[in-house]
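S.K.: With positions in the sequence shown counted from 1, the corresponding number in the working numbering is that position plus 353. All C-beta atoms in this analysis are idealised placements derived from N, C-alpha and C, irrespective of residue type, glycine included. Computed from a prediction, not measured in an experiment: that's the story for all the values here.
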Amino acid sequence: MVEVIPVQEEFWRMVQDAAKDEAEAVEFYRQLAERAPTSALNHSIQHIMGDEMDHQAFFESVLTCCDMGPEPDGSDDRKGRYEKRQVHGRRIRIPEVSEPYPPIRIECPNPEYARLLFDDYAGMVSEMTAINQYLFHHYDMPEEFAEVAELLEAVSIVEMRHLEMLAELIKLLGQPPMYMDGQGRFWDASFVAYIPGNPCEQLQADIEAEQAAIQTYRQHIAMIDDRYIKAVLARIVKDEQLHLRLFTRAYQRYCRCYG
Ligand SMILES: [Fe+2]
Ligand SMILES: [Fe+2]
């Protein structure tokens with residue numbers, strides 16, 4: 354099932370350069386937006402920045418996707434871009450963007466911001482739901498979808514890191530990070546789109562989950578006037594864009610005959 358793609362080092366080096374250039378463009382537009390004299394200009398520049406973030410996520414996903422096959426000898430240095438961790442004795446590649454996470458801090462305690470973050474943390478569309486949904490899909494994937502099952506497990510690990518960062522922010526904002534949404538409703542296992550035995554529908558649900566997460570995070574970035582929290586959410590969005598690309602690629606590869 355694994356597609357063998359002939360590797361040309363020159364190509365991979367150029368893709369790495371493209372990802373780096375896009376990251377620099379994102380940073381440039383971020384600084385430009387901060388200096389915009391009107392909110393309309395700020396908004397337009399942020400929109401352009403969003404496009405550059407998509408381009409960056411695309412190149413990052415190209416680098417990640419094609420590393421997903423079996424490792425021949427571990428000598429390929431482009432694999433060093435993504436962290437590997439031991440899970441039950443297996444080395445798995447963690448699909449997160451190769452940019453460090455911003456420091457976890459806040460400008461001032463703010464209960465309204467905590468409420469918004471609780472929705473991202475353990476609401477219906479949340480990191481808590483994503484972790485449990487991807488893990489269930491990982492357990493339920495049939496043998497011939499082994500590569501997708503591995504991807505889902507690796508993505509769920511990144512979502513755990515997001516959950517942890519949100520928990521720390523919520524704590525700093527003055528609330529205990531219990532598993533509930535902004536209205537105080539506890540997280541519920543029925544939030545998971547299970548769809549047992551339907552790997553392609555599961556992948557489709559996972560694609561929609563990432564799209565919804567990106568949209569919600571972007572709304573919250575616009576609503577929160579705290580530069581530290583904004584930076585953390587913007588960085589999380591980059592991981593979610595990478596996940597969206599990876600799930601979409603997996604769907605295109607494995608589910609062409611089902612859609
Ligand atoms: Fe996430
Ligand atoms: Fe994600």
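Mind checking Tyr570: buried by the 16 CB within 10 Å criterion, or exposed?
M.R.: buried
S.K.: When DSSP labels each residue in this structure, what does Met531 get in the three-state scheme?
M.R.: coil
S.K.: Using alpha carbons as the reference points, say which of Tyr492, Arg388, Lys583, Asp374 lies closest to Glu405.
M.R.: Asp374
S.K.: Between the region 513-521 and the region 490-505, do at least 3 Cβ pairs fall closer than 8 Å?
M.R.: no
S.K.: Answer with buried or exposed for Ser397, where buried requires no fewer than 16 other C-beta atoms within 10 angstroms of its C-beta.
M.R.: It is exposed - the Cβ of Ser397 has fewer than 16 other Cβ atoms within 10 Å.
S.K.: From the DSSP output, which residues share a beta bridge with Phe539?
M.R.: Bridge partners of Phe539 according to DSSP: Met533.
S.K.: Residues near ligand 1, CB to any non-hydrogen atom under 7 Å, in chain order?
M.R.: Glu480, Ala483, Val511, Glu512, His515, Ala566, Ile589, Asp592, Glu593
S.K.: Have a look at Cys461, Val478, Arg388 and flag the residue whose alpha-carbon is nearest the alpha-carbon of Ser543.
M.R.: Val478
S.K.: If we call anything under 7 Å between Cβ atoms a contact, is Ala575 one with Pro455?
M.R.: no
S.K.: With respect to the alpha helix (DSSP H) encompassing Val511, which residues constitute its N-terminal and C-terminal limits?
M.R.: 499-525
S.K.: What's the gap between the Cα of Arg366 and the Cα of Pro462?
M.R.: 44 Å
S.K.: Taking 7 Å as the limit between beta carbons, can you name the residues of its chain near Arg383, skipping five residues before and five after?
M.R.: For Arg383, where only same-chain residues beyond five positions count, the Cβ hits under 7 Å are Met402.
S.K.: Would you say Cys595 and Val450 are within 7 Å of each other, going by their C-beta atoms?
M.R.: The question names Cys, but residue 595 in the sequence shown is Leu. Yes. Within cutoff.
S.K.: Would you identify the three-state DSSP class for Asn551, choosing helix, strand or coil?
M.R.: coil
S.K.: In angstroms with no decimal places, state the Cα-to-Cα distance between Asp472 and Glu480.
M.R.: 9 Å
S.K.: Nearest by alpha-carbon distance to Tyr487: which of Glu497, Val545, Leu526 is it?
M.R.: Val545
S.K.: Verify whether the separation of the beta carbon atoms of Leu525 and Ile577 is less than 7 Å.
M.R.: Pairing Leu525 with Ile577 gives a Cβ-Cβ distance that is not under 7 Å.
S.K.: Of the residues Ala558, Cys610, Asp541, Asp534, which one's Cα is nearest the Cα of Leu597?
M.R.: Ala558
S.K.: When DSSP labels each residue in this structure, what does Asp578 get in the three-state scheme?
M.R.: coil
S.K.: Could you check the C-alpha separation between Met533 and Gln564 for me, to the nearest Å?
M.R.: 21 Å
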